[in-house]
């Protein structure tokens, strides 16, 4: 099942089949996202590949190898420069996203990472840029294309704007965020331990989506920020678990030890309980009536 996610992360750190460069029409190395991608991929190799293509029209995209990046491919999408919205900017921005997604699917990619195209030095208003980006992505998926989409942003303000836009434009793909529920922080009295286990990509996708309780019987609210999961009791908002996921499958768990908020005092019991919760939460579909 396809997904749309917004994460606070450098696009060059994404573990995706393809990442998208916010390119200029001459495909030259630039600043911002473009400069970071060229540096991480290897400037000389990437510029040589771009020179062979030579040009990309605004509102379209081209593809090169990823070279030194984790991603197999770099898709270079040329968004419009904002000039008040009177020169087909929305249509061109939509086209840049659509062609990027088409290229990803044509080249066998199952996942793709985007920046917020045109919202930097090209001056496209952030809220409008988000709405057009999410519209293009949601409509592409809704036509039956299977791909996981991640937007990589570095600013809290842009992350917040994107989260709000996702709920408005494509709520079926929205993920839980901290502000969706009244919560309290992990108390000063807490314990830590290492949880050793692996997760499939589908399990991590389910965990990243989070959960906003819809019924009184649903006991848990959880959300992720980056690679950290926060799990709260829905009735009280108390933070019971914080899990810092690690690629080596040795995940650091912080557990509440305030006796007025959480009764368990045994790491061994918590390890068993948390494994059961994670299996439940990452199941498809999540069933809150689970005992």
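Numbering (our numbering), first residue to last: 43 to 333.
All C-beta atoms in this analysis are idealised placements derived from N, C-alpha and C, irrespective of residue type, glycine included.
Can you give me the C-alpha to C-alpha distance between residue 190 and residue 228, rounded to a whole angstrom? Along the chain shown, read from residue 1 onward, the residue named residue 190 stands at position 148. Along the chain shown, read from residue 1 onward, the residue named residue 228 stands at position 186. Taking the straight line joining both Cα atoms gives about 32 Å.
Taking 8 Å as the cut-off, does the region 45-55 touch the region 94-103 (at least 3 CB pairs, one atom from each stretch)? no
Tell me the rounded alpha-carbon separation between residue 179 and residue 231. Walking along the chain shown from the start, residue 179 turns up at place 137. Walking along the chain shown from the start, residue 231 turns up at place 189. C-alpha separation (whole angstroms): 43 Å.
To test your reading of the DSSP string, which unbroken alpha helix (DSSP H) runs of 4 or more residues are found completely within the region 132-194? 168-184
From 99, 119, 100, residue whose alpha carbon lies closest to that of residue 106: The sequence position of residue 106 within the chain shown is 64, counting from 1. Restricting attention to 99, 119, 100, the CA atom closest to the CA of residue 106 is found in 119.
Whose C-alpha, out of 279, 202, 66, is nearest the C-alpha of residue 194? By one-based count along the chain shown, residue 194 stands at place 152. Per the Cα distances, 202.
Report the rounded CA-to-CA distance for residue 205 versus residue 46, giving the unit in angstroms. Numbered from 1 along the chain shown, position 163 holds the residue referred to as residue 205. Numbered from 1 along the chain shown, position 4 holds the residue referred to as residue 46. So the alpha carbons of these two residues sit roughly 11 Å apart.
Around the C-beta of residue 59, are 16 or more other C-beta atoms found within 10 angstroms, so that it is buried, or is it exposed? The count along the chain shown starts at 1 and reaches residue 59 at position 17. Looking at its Cβ environment, which holds 16 or more other Cβ atoms inside 10 Å, residue 59 is buried.
Distance, residue 265 Cα to residue 295 Cα: What you label residue 295 is simply residue 253 of the chain shown in a count that begins at 1. What you label residue 265 is simply residue 223 of the chain shown in a count that begins at 1. Approximately 15 Å, taken between the alpha carbons.
Would you tell me roughly how many angstroms separate the C-alpha atoms of residue 292 and residue 253, rounded to the nearest one? If you number the chain shown from 1, residue 292 lands on position 250. If you number the chain shown from 1, residue 253 lands on position 211. One C-alpha to the other measures close to 24 Å.
Span of the beta strand (DSSP E) around residue 270: Taking the first residue of the chain shown as 1, we reach residue 270 at position 228. Residues 270-275.
Using the three-state DSSP reduction, which class does residue 263 fall into: helix, strand or coil? Position 221 of the chain shown, counted from the first residue, corresponds to residue 263. If DSSP states are grouped into helix, strand and coil, residue 263 belongs with the strands.
With DSSP collapsed to three states, give me the class of residue 130. Locating residue 130 in the chain shown gives position 88, counting from the first residue. Coil.
Just how far apart, CA to CA, sit residue 333 and residue 271? Residue numbering aside, residue 333 sits at position 291 when the chain shown is read from its first letter. Residue numbering aside, residue 271 sits at position 229 when the chain shown is read from its first letter. Note that residue 333 scores 43 on pLDDT, short of 50, meaning its location in the model is unreliable and no value can be drawn from it.
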